[in-house]
Each structure stands twice: as C-alpha cells, then as structure tokens.
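Peer 1:
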Amino acid sequence: MHALFEESGKFLAGRILSEADTSAQIELESGKRVKVKAAHILLKFDKPAPAELMAQAQAVAQSIELELAWEFAPEDEFGFADLARDYFSDNATLVQQASALLRMYEAPHYFRRAGKGRFKKAPAEIVQQALAAIEKKQRVLEQIGEWAQALGQGECPQPIREQLYKILFKPDKNAAEYKAVVEASRATHTAPLDLLQKAGAIDSAYQFHWQRFLFDNFPKGTGFAAVQAPQPPEDLPLAPVQAYSIDDSQTTEIDDALSVQGLGSGTVVLGIHIAAPGLAIVPGTPLDHIGRNRLSTVYMPGYKVTMLPDEVVQIYTLDEGRANPAVSLYVTINEATLEITGTETKLERVPVAVNLRHDKLDHIVTENWLSDPTIEVENTPQPLLDLREQLSFLHRLAKSLKAQREVVRGKPENFNRPDYNFRLVGNDGAVPNGSEQVQITTRQRGAPLDLIVAEAAIVANSTWGSWMAELGVPGIYRSQASMAPGVKVRMGTKALPHAGIGVKSYAWATSPLRRYVDLVNQWQIIACARHGKTAALAAPFKPKDAELYSVISSFDAAYGAYNSYQSGMERFWTLKYLEQNAITELEATVFKEGPGGSFLVRADTLPLVFPVLGAQNLPRGARLRVKLGDINDITLDLHGTVLERLDTPLDDGPATDAGNDDEDDDAAAGPISIAVDVSDAGTENAAPNAPSADNLVP
Numbered sequence: 009m010h011a012l013f014e015e016s017g018k019f020l021a022g023r024i025l026s027e028a029d030t031s032a033q034i035e036l037e038s039g040k041r042v043k044v045k046a047a048h049i050l051l052k053f054d055k056p057a058p059a060e061l062m063a064q065a066q067a068v069a070q071s072i073e074l075e076l077a078w079e080f081a082p083e084d085e086f087g088f089a090d091l092a093r094d095y096f097s098d099n100a101t102l103v104q105q106a107s108a109l110l111r112m113y114e115a116p117h118y119f120r121r122a123g124k125g126r127f128k129k130a131p132a133e134i135v136q137q138a139l140a141a142i143e144k145k146q147r148v149l150e151q152i153g154e155w156a157q158a159l160g161q162g163e164c165p166q167p168i169r170e171q172l173y174k175i176l177f178k179p180d181k182n183a184a185e186y187k188a189v190v191e192a193s194r195a196t197h198t199a200p201l202d203l204l205q206k207a208g209a210i211d212s213a214y215q216f217h218w219q220r221f222l223f224d225n226f227p228k229g230t231g232f233a234a235v236q237a238p239q240p241p242e243d244l245p246l247a248p249v250q251a252y253s254i255d256d257s258q259t260t261e262i263d264d265a266l267s268v269q270g271l272g273s274g275t276v277v278l279g280i281h282i283a284a285p286g287l288a289i290v291p292g293t294p295l296d297h298i299g300r301n302r303l304s305t306v307y308m309p310g311y312k313v314t315m316l317p318d319e320v321v322q323i324y325t326l327d328e329g330r331a332n333p334a335v336s337l338y339v340t341i342n343e344a345t346l347e348i349t350g351t352e353t354k355l356e357r358v359p360v361a362v363n364l365r366h367d368k369l370d371h372i373v374t375e376n377w378l379s380d381p382t383i384e385v386e387n388t389p390q391p392l393l394d395l396r397e398q399l400s401f402l403h404r405l406a407k408s409l410k411a412q413r414e415v416v417r418g419k420p421e422n423f424n425r426p427d428y429n430f431r432l433v434g435n436d437g438a439v440p441n442g443s444e445q446v447q448i449t450t451r452q453r454g455a456p457l458d459l460i461v462a463e464a465a466i467v468a469n470s471t472w473g474s475w476m477a478e479l480g481v482p483g484i485y486r487s488q489a490s491m492a493p494g495v496k497v498r499m500g501t502k503a504l505p506h507a508g509i510g511v512k513s514y515a516w517a518t519s520p521l522r523r524y525v526d527l528v529n530q531w532q533i534i535a536c537a538r539h540g541k542t543a544a545l546a547a548p549f550k551p552k553d554a555e556l557y558s559v560i561s562s563f564d565a566a567y568g569a570y571n572s573y574q575s576g577m578e579r580f581w582t583l584k585y586l587e588q589n590a591i592t593e594l595e596a597t598v599f600k601e602g603p604g605g606s607f608l609v610r611a612d613t614l615p616l617v618f619p620v621l622g623a624q625n626l627p628r629g630a631r632l633r634v635k636l637g638d639i640n641d642i643t644l645d646l647h648g649t650v651l652e653r654l655d656t657p658l659d660d661g662p663a664t665d666a667g668n669d670d671e672d673d674d675a676a677a678g679p680i681s682i683a684v685d686v687s688d689a690g691t692e693n694a695a696p697n698a699p700s701a702d703n704l705v706p
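Under the working numbering, think of the first position of the sequence shown as 9, with each following residue one higher.
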C-alpha cells in the first residue's frame, strides 16, 4: 500500500511500512523513512508506484484551467477529490485527484487552503485583484529582462539612468531597475559598476563621487533647515586691542585672530582670540542639533559644506572692520626670554583690524623679511607693514615654542613635503561638475605665517585643556601615549599628554565655527571663564557625561568619512590635472612596497601616490622616472611603469616602511595632501583640509 501525504508544505508519496490509528511509517523512494500523522495522509493507493503517480499528477495538473476549475468549484468548503470529480468526471482517477490537489495548492489566489487537502473558493473580487497583480508582476519581469538585455549590449535604459546613484549606493533590492542590473551583471559576468560604465550610464565621474558622498553622509541634502541666527550677548566688554587674522583667501569661517600689546616694554601680552558662537548657541536647541548632525565643515577642492548655516557664520566669523564676540586667551610673555609667565581668559568683543591672506602674502613674509627691517618688497600692503614688528616678534616666539615642544617630543618635527593647494578656474562657489580646469600650487610647510598661527593655536588648545582639567570641568581631548609606530592619536574625556605635539594636554577649541568638538569645548571654557572654581556645576556637560562619549563616537566616524572624501576629491583633481596637461611621465620617489608585487611611489611635484611595476629591490627614497598608465576617474586608479632610475645607487636594499615618523605613510593608497586645521600643528593627522593657513601637516 502506498500513500500521498503533506509534509511541511510539500506533497510526498511513498510505501506504507506500518500503520497505527494516529500515524503511519512511510518509506520514500530515496529510502528515507518518515513518521506521518494520519491526518496528513491524503490518498492511499496500490497502483501506480509513488514516483510514477507524482510524475503523472504534475503533468496533468498543468492542463487544469484554473478559471474553469474555479467556476466548477462549490461555494462551500470542499476537498480536492470533490473538485476532481466536478472537473474531470464522477469517476476521476487517482492521478486526476492528485493533479487537482497539486494544482489548487499552487493557486492560492483561486483556492484558499482550509486544511489538509481542503479548500475554499476565493471571492471573485480577490481573484481579479490577484490576476491583475500576477499580470503586473509578469510585465515587470519582462521589463527587467529587456533592461538587462540592453545593459548587456552596452546600452543604458533611461529608467536605470535616472535611478543610477540609488542603484549604486542605496539600492531598493525589490526595484525592477536594481534587479535588471543584477541580472545583466550575472549574465555578462561583469561587476555592476563596470557594466554601468560600459553602458554609458555614468555621465560624470565627479557626480559619481559627489552623489555617493551625499548618499552616505547627507541623504537629505546639504541645505539647512530654517533657523533663527542667535545674536551674541549685548553686555560683552570691548577689548582694547586691534586684532588680525591669518587665513587663506577662500576662508569664510574665520575662527581665530591674534593681537600683540606691550612690544618694547619687556612684557608682551599675546591675545589669541577665538570666534565665540558658544556664547549664543545653546546645547539642545535646533541650531545645536544642526551642528551635532554635521559635526564638521566638509572641505574639498572648489567647494565646501559648512557645519553651520551661513547666516550664523556671518555673525561670529572674525571679519575685519568690526568688533566680534570672542573667547580670548591672553598670554603674558617675557619679551627677552620669550618665557610664558601667565595666562587669562576673557569673554569679550574683539575689534579685528584686518584679515590677512597668507596665499597673497607668503612671498613677502619670509624669515629674512621678518628678521631684517631694512628688506623691502615691492607692493607690500600697508596693513602688513604696520604689523611687521608684531609679526617679527610672533615669529621669534613661534620658533621658541616649537623648539620647546620638540624637546618634549624627543626629536624635531620634520615636514619635508609641501602642501598642495587646489584651485578650480571659473568655479563660482557652486558644486563643481568635474570639467573645471584645475590648478595645483605648492606651499612649503612651516612658512612663517603658518608657524605663527599654528603655535598660537597649540598654546590655546593646551592651556585651555589643562585649565578645564584643573577646575574639574570635562572636555574632549586628543591624546597620544607615545610616538612609537602604530600608536594613534585618540579622543577622550581625560586630559592626557599628546606625545606627538609635545604638550601635557590638548583640547580642540580653536575652530568652533567648523568643528563640533571645538564648540562643545568652548561651552565648557565659557563656563570656566564665568564661574571659575564652581564651573563644574555650571558647565553644560558634567563629569562622566554620556553625551560627551556620544559626541566623540559620532565625531570620529563623521570626521573620518569627511577626510576620506576630501582625500578622494584631491586625488580626483590631481588625476584631472594629469589629463588636462597631457602629462604621461612623472618623476617620483619610492615610498614603500605595495600589493601584488608592485611598489608605491610618491610623485615629486604632485600630491599623488600610486603603484608602479619595475621597482623591485629598490630602496625607499630611490628617485625614478615613471611612465603613467590609464586613468580611471571612477575608481581613481592610476598605475605606472619605471622608465629609469634618476639618482645614483648607493647601498640599495629593498623598500621598507621605515622612514620619517612625521610623514603620513597611512595615506599611501591615495593622495597625500591631507592637511589639517591650525590647531593640529605638530604631528596630528586627523582633519580635513581647510583652505587656510591651517594646513601644516598631512
């Protein structure tokens, strides 16, 4: 005796070995034995064999017209054998009964299941809706097939082109456009990105990178919600100074300015004035939420996405010709010995006399010009001449401060590569389209104006960091346990030493208009300035506040993403520079061993690191002439081949990763012009490249 039964939604048939009142032992054709409940057994038969029955039933089932069977079906609940007798004949065969069972089971839109082998006729309106859905699905499948075929033939259907970036970066895997790309990719054995490139779907490599960045970081766009820009307090005293800032011409978020008083008196007071949005922006308000969501201004060649709305920036940026709200650190200095003898923090309005732009002044403000008052440079602006004595003093002070830090570090800072500045010709501040002509210029790191601002910022960040710790006010610190290889800079809430910079503690606080952790620290510093020893009770963030840890975690993630995007865009424009200037060969220096038997080299005159073949067994530092291969604007890939060695071989050995600890070896696979904010001078390597004098280190 054989039986047809249902098991876990499947119909099986086999030989009955034994049978009890409530169950039976059945052997399948495979030899497997299963225990089946009696209620699950739907048919018992002697002939044909189980496998033959199932095969014949499957074949007959496909001949059953569902619409006709539905018409024949009774209105009340019925069994599959009942339908077989209504559809075929009163003497429906075993095969016909089994075929009716299989056919109804696979058509729930016509027949609803009411139990083991039992069904109920679906209402007419449900059937019509289901048939419409099935027809629609079939049309979609046909459309997917047509689109996939077109992609495979190198053509991109318009609907896929319109959904391109969503398909690539944030796909709806149920969407027909996405399924067509997947199907075409499988059929052609081509990666989806390569497939879409070959089909001409990507019109702009720049837009590809930009849209990917937006999908990952600004899914709702880069615009700001409507907020009211808060005004600074009206009772701030006016500082008796004339301050000046030093930034790049493109900088609009001017965070810091300097002033000098008492030159020639033996005691000089250096004022380090930081823009103070923290005096009006309140934690927990809509404007704070905007800053916390963005966490930093995003920089890229030719464009930036600011952390705060422009109307807020314009209130607090340290523009020339007005008195601006600021948190000021006054540092008292022995003019002869350059020793710092005291510090004081004030909340005030600071008159800014002039905004100096280093990219227009670096050729004038040289060490010789600062040290020798008899040197004259044609077309020197009068404001710069008026400040010459102050800048000369500040440069001497900066060199002294740097030397003191180097003693703590245990070795001198050594940045022997230049900074690279990018300018897109004709760009009017809008998002670039990738076709702009790019100019790349260089500035040697540690230029006098850079050094002045950098050392002043280090004094402010380290002084305020220590001050908060003394008063028991928590802050967000950057620390580095040692300068040993692999020891990274970390963010935390404890005032720990920063070995790379050579200070006892270091809290970012000098860029509150463009970095959220600086704004958080500014709130804490303002509490210290207002409340002194009781500041810990009044500060917005209390010791062990979970919000501080949350800010650190969010900031690290966002800052890394922004920095990575900036690096990618600098590499993009560097590759564009090669194309636009028809550069096919470069002089480069062996950097370190790369993957796949290649070696990484760094271009001598461009911010570019790329792998080359033919550099085996050459030492780090060997200079080469390299022939460039094809450029891929989407993957940002570039490879080269060694043409000749340019330097004289001495004691050659294989390239290694050893080298200058102050260099950024971790950026080997991409561009190396990743500069940082002025407050990261030293060996910090963590900030996007603000186009200003803040670009000291990679």
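Yeah, the Cβ is synthetic: ideal placement off N, Cα and C, and Gly gets one too.
By DSSP, does residue 111 sit in helix, in strand, or in coil?
Peer 2: Walking along the sequence shown from the start, residue 111 turns up at place 103. The answer is helix: DSSP assigns residue 111 an H, G or I state.
Peer 1: Can you tell me which residues form a DSSP beta bridge with residue 255?
Peer 2: On the sequence shown, position 247 is the one that residue 255 refers to. 365, per the DSSP bridge assignment.
Peer 1: To the nearest angstrom, how far is it from the Cα of residue 708 to the Cα of residue 170?
Peer 2: Residue 708 falls outside the range modelled here, since the chain spans only 9 to 706, and no answer is possible.
Peer 1: Who pairs with residue 653 in a beta bridge, going by DSSP?
Peer 2: To locate residue 653, count along the sequence shown from 1; it is residue 645. Paired residue(s): 632.
Peer 1: Which ranges would you report for the alpha helix (DSSP H) in the stretch 520-598 if only whole runs of at least 4 residues count?
Peer 2: Complete alpha helix (DSSP H) runs here, min 4: 524-539, 543-546 and 554-588.
Peer 1: Under the DSSP definition of a beta bridge, which residues are partnered with residue 282?
Peer 2: Position 274 of the sequence shown holds residue 282. DSSP lists 264 and 335 as partners of residue 282.
Peer 1: I'd like the span of the alpha helix (DSSP H) that includes residue 396, first residue to last.
Peer 2: Taking the first residue of the sequence shown as position 1, residue 396 is located at position 388. Here the alpha helix (DSSP H) through residue 396 covers 396-417.
Peer 1: Determine the burial state of residue 431: buried for a count of at least 16 other Cβ atoms within 10 Å of its Cβ, exposed for fewer.
Peer 2: By one-based count along the sequence shown, residue 431 stands at place 423. Residue 431 is buried by the Cβ-count criterion.
Peer 1: Would you kindly work out how many angstroms separate the C-alpha atoms of residue 151 and residue 189, rounded to a whole number?
Peer 2: As a working mapping, residue 151 is identified with position 143 in the sequence shown. As a working mapping, residue 189 is identified with position 181 in the sequence shown. Cα to Cα, the separation comes out at about 12 Å.
Peer 1: Can you tell me where the alpha helix (DSSP H) with residue 486 in it begins and where it stops?
Peer 2: Numbered from 1 along the sequence shown, position 478 holds the residue referred to as residue 486. Run containing residue 486: none in the alpha helix (DSSP H); it sits in the beta strand (DSSP E), 485-487.
Peer 1: Given a cut-off of 8 Å on the beta-carbon distance, is the pair residue 264 and residue 461 in contact?
Peer 2: Here residue 264 corresponds to residue number 256 of the sequence shown, with the count starting at 1. Here residue 461 corresponds to residue number 453 of the sequence shown, with the count starting at 1. Yes. Within cutoff.
Peer 1: Can you check which of these residues, 493, 559, 541 and 453, is closest to residue 477 by C-alpha distance?
Peer 2: Within the sequence shown, numbered from 1, the residue matching residue 477 stands at position 469. For residue 477, the nearest C-alpha among the options comes from 541.
Peer 1: Can you tell me which of the three DSSP states residue 83 falls into?
Peer 2: For the purposes of this step, residue 83 is taken as residue 75 along the sequence shown, with counting starting at 1. Note: residue 83 maps to coil in three-state DSSP.
Peer 1: How many Å lie between residue 68 and residue 107 at the Cα?
Peer 2: As a first step, residue 68 must be located in the sequence shown, where it is residue number 60. As a first step, residue 107 must be located in the sequence shown, where it is residue number 99. If you take the alpha carbons of residue 68 and residue 107, they lie about 6 Å apart.
Peer 1: Tell me, please, which residues DSSP counts as bridged to residue 350.
Peer 2: Here the question's residue 350 lines up with position 342 in the sequence shown. BP columns for residue 350 point to 340.
Peer 1: Would residue 480 and residue 551 qualify as a contact pair, given that the criterion is a beta-carbon distance under 8 Å?
Peer 2: By 1-based counting over the sequence shown, the position of residue 480 is 472. By 1-based counting over the sequence shown, the position of residue 551 is 543. Yes, they are a contact pair.
Peer 1: Note down the Cα distance separating residue 388 from residue 330, rounded to an integer number of angstroms.
Peer 2: Here the question's residue 388 lines up with position 380 in the sequence shown. Here the question's residue 330 lines up with position 322 in the sequence shown. Near 24 Å, if we compare the C-alpha coordinates of residue 330 and residue 388.
Peer 1: Hey, out of 510, 65, 531 and 383, whose CA is closest to residue 419's CA?
Peer 2: Working through the sequence shown from its first residue, we reach residue 419 at position 411. Of the listed residues, the one whose Cα sits closest to residue 419 is 510.
Peer 1: Going by C-alpha to C-alpha distance, which of 272, 653 and 15 sits closest to residue 625?
Peer 2: Your numbering for residue 625 matches position 617 in the sequence shown. The candidate whose alpha carbon is nearest that of residue 625 is 653.
Peer 1: Find the nearest neighbour of residue 567 within the set 102, 347 and 225, judged by alpha-carbon distance.
Peer 2: Position 559 of the sequence shown, counting from 1, holds the residue named residue 567. The candidate whose alpha carbon is nearest that of residue 567 is 225.
Peer 1: Could you tell me the boundaries of the beta strand (DSSP E) in which residue 308 lies?
Peer 2: Locating residue 308 in the sequence shown gives position 300, where the first residue counts as 1. 306-308 is the span of the beta strand (DSSP E), which, as asked, contains residue 308.
Peer 1: Who does residue 449 pair with in a DSSP beta bridge?
Peer 2: As a position in the sequence shown, residue 449 is number 441, starting the count at 1. Partner(s): 429.
Peer 1: Which word fits residue 352, buried or exposed, when buried means at least 16 other C-beta atoms lie within 10 angstroms of its C-beta?
Peer 2: Within the sequence shown, numbered from 1, the residue matching residue 352 stands at position 344. Classification of residue 352: exposed, given that the 10 Å Cβ count is below 16.
Peer 1: Have a look at the DSSP bridge pairing and note the partners of residue 640.
Peer 2: Start at 1 with the first residue of the sequence shown, and residue 640 comes out as number 632. Its beta-bridge partners are 645.
Peer 1: My output table needs one value for residue 506: the three-state DSSP class, helix, strand or coil.
Peer 2: Along the sequence shown, read from residue 1 onward, the residue named residue 506 stands at position 498. Looking at residue 506 - three-state DSSP - the assignment turns out to be strand.
Peer 1: Rounding to the nearest angstrom, what Cα-Cα distance links residue 194 and residue 156 in this structure?
Peer 2: Counted from its first residue, the sequence shown places residue 194 at position 186. Counted from its first residue, the sequence shown places residue 156 at position 148. Distance between the alpha carbons of residue 194 and residue 156 is about 10 Å.
Peer 1: Tell me which residue opens and which closes the beta strand (DSSP E) that residue 312 is part of.
Peer 2: Along the sequence shown, one-based indexing puts residue 312 at 304. Residues 311-313.
Peer 1: So the candidates are 29, 103 and 80; which of them puts its Cα closest to the Cα of residue 12?
Peer 2: Looking up residue 12 in the sequence shown gives position 4. Ranking the options by Cα distance to residue 12, first place goes to 103.
Peer 1: Is it a yes or a no for the stretch 271-286 touching the stretch 333-353, going by three-plus beta-carbon pairs under 8 Å?
Peer 2: Result yes; three or more Cβ-Cβ pairs closer than 8 Å.
Peer 1: Less than 8 Å between the CB atoms is what I'm expecting for residue 520 and residue 286, so what's the real figure, rounded?
Peer 2: Taking the sequence shown and counting its residues from 1, one reaches residue 520 at position 512. Taking the sequence shown and counting its residues from 1, one reaches residue 286 at position 278. With a Cβ gap of about 6 Å, residue 520 and residue 286 count as contacting.
Peer 1: Got a sec, what are the start and stop residues for the alpha helix (DSSP H) residue 144 sits in?
Peer 2: Here the question's residue 144 lines up with position 136 in the sequence shown. Segment 132-160, the alpha helix (DSSP H) holding residue 144.
Peer 1: On the DSSP bridge list, what partners appear for residue 10?
Peer 2: Position 2 of the sequence shown, counted from the first residue, corresponds to residue 10. Looking at the DSSP assignment, residue 10 forms a beta bridge with 23 and 53.
Peer 1: What residue from 564, 403, 57 and 533 has the CA that sits closest to residue 470's CA?
Peer 2: To locate residue 470, count along the sequence shown from 1; it is residue 462. Comparing Cα-Cα distances from residue 470 to each of 564, 403, 57 and 533, the minimum goes to 533.
Peer 1: Within the present structure, is the beta-carbon of residue 39 separated from the nearest heavy atom of the ligand SAM by less than 7 Å?
Peer 2: As presented, the structure is devoid of all ligands, the ligand SAM included, so that no description of it is given.
Peer 1: Using the three-state DSSP reduction, which class does residue 275 fall into: helix, strand or coil?
Peer 2: Here the question's residue 275 lines up with position 267 in the sequence shown. In the structure shown, residue 275 sits in a strand (DSSP, three-state: E or B).
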